[in-house]
Structure formats: C-alpha cells, structure tokens
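Residue numbers (our numbering): 128 to 298.
The following block contains the structure:
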C-alpha cells in the first residue's frame with residue numbers, strides 16, 4: 128500500500144524528471160490519501176489535460192525506480208466517465224515545493240461521482256469516509272451527477288441506480 132509520505136516522495140521524484148510545467152489532478156484513492164481521508168492507496172491515479180502532458184508524466188515515471196502502478200487519465204475522462212470541463216478548477220491545489228508539477232486533488236463531490244461509477248465494497252467505504260469527514264452538499268452532488276451521468280460509457284440505468292443507492296445510504 129502507498130501512504131501519503133510515499134506519494135509525496137513519488138511526486139517529488141517525478142517533478143525532478145519533468146522539463147516543463149504540468150498540472151496533475153489526483154483522483155481515486157490517491158486523491159483520498161492526499162486529502163487525508165484514508166491511510167493509503169493501492170496505486171497512483173492522476174489525470175492530466177493533454178496527450179503531451181500524459182506522455183511527459185509517463186516518461187518521467189518510467190525514468191524513476193518505483194514499484195507503484197501508475198494509472199494516468201487524460202482530459203477528465205476517468206475510468207468510465209467524463210467529468211465536466213471544470214473538474215480541474217474545482218480540484219484543490221496542494222502545497223508542495225515542486226518546480227514543474229502542480230498537484231491538485233479531485234473535489235470530494237467528483238470523487239464520490241467517480242466511485243459511484245463502479246461502486247464496489249472499497250468504493251462504498253471510500254464514500255463513507257468522504258461523507259463522514261467532509262461537508263458534502265447533497266444538492267450540489269445531485270447537480271454534479273446530472274452533469275456527468277450522460278458521459279458514462281456503460282448503462283445509464285445502472286449508474287443512476289448506483290447513485291440512488293449512494294444517496295439513500297449516505298444522505
């Protein structure tokens with residue numbers, strides 16, 4: 128498992144390999160770990176804006192010695208859904224002394240939305256942690272879901288049912 132100090136060191140090492148400024152948005156368990164919502168994550172999940180950024184981060188990650196699995200997404204398309212264009216602006220920047228890497232944390236609402244897309248037991252526990260430790264506005268969550276649900280690549284009906292389950296269980 129990868130702890131917050133492990134992630135911080137990993138980010139520092141990637142930063143030293145980059146030759147240009149790049150913004151990465153931590154998503155999934157990585158965002159939750161950096162938010163302090165869970166102790167560790169099993170892999171490293173980031174989203175970048177462009178194909179060039181994706182290639183630069185992948186190249187930097189290959190040049191450092193690490194056993195971490197890096198899942199790198201592009202343009203707000205995370206797992207099976209497309210987040211609205213403002214996802215990176217809504218993401219919280221972290222304070223870090225990095226030269227070329229700006230790290231932002233996906234908003235708690237957007238983390239809940241992405242976790243709802245799959246909604247396995249680990250996702251349910253992650254949503255529970257978010258709801259218990261962060262103020263999540265139900266109305267804003269529902270508005271955000273309406274923006275995102277049409278981008279889901281699988282069954283809209285299944286995604287809607289999982290979202291309704293999250294609302295019923297946590298709100």
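Just so you know, even glycine gets a beta-carbon here, dropped at the ideal spot from N, CA and C.
Note that the coordinates shown come from a computational prediction; the quantities given were computed from them, not determined experimentally.
Apart from the five residues just before and just after residue i, which ones in its own chain have a Cβ nearer than 6 Å to its Cβ?
{"i": "residue 150", "result": "229"}
Leaving out five residues before and five after residue i in sequence, what residues of the same chain have Cβ atoms less than 7 Å from its Cβ?
{"i": "residue 191", "result": "140, 141, 144"}
{"i": "residue 187", "result": "141, 144, 145"}
{"i": "residue 161", "result": "131, 134, 153, 221, 232"}
Straight-line CA distance for residue i to residue j?
{"i": "residue 156", "j": "residue 164", "result": "9 Å"}
{"i": "residue 252", "j": "residue 284", "result": "23 Å"}
{"i": "residue 137", "j": "residue 295", "result": "38 Å"}
{"i": "residue 210", "j": "residue 278", "result": "8 Å"}
{"i": "residue 288", "j": "residue 298", "result": "15 Å"}
Around the Cβ of residue i, are there at least 16 other Cβ atoms within 10 angstroms (buried) or fewer (exposed)?
{"i": "residue 179", "result": "exposed"}
{"i": "residue 203", "result": "buried"}
{"i": "residue 235", "result": "buried"}
{"i": "residue 243", "result": "buried"}
{"i": "residue 280", "result": "exposed"}
{"i": "residue 170", "result": "exposed"}
Please confirm whether residue i and residue j have their CB atoms less than 7 Å apart.
{"i": "residue 158", "j": "residue 232", "result": "yes"}
{"i": "residue 221", "j": "residue 167", "result": "no"}
{"i": "residue 181", "j": "residue 199", "result": "yes"}
{"i": "residue 275", "j": "residue 240", "result": "yes"}
* Asked: Can you list, in chain order, the stretches of the alpha helix (DSSP H) that have 4 or more residues and sit fully within the stretch 203-259?
  -> If you keep only unbroken alpha helix (DSSP H) runs of at least 4 residues inside the stretch 203-259, you get 214-217, 235-245.
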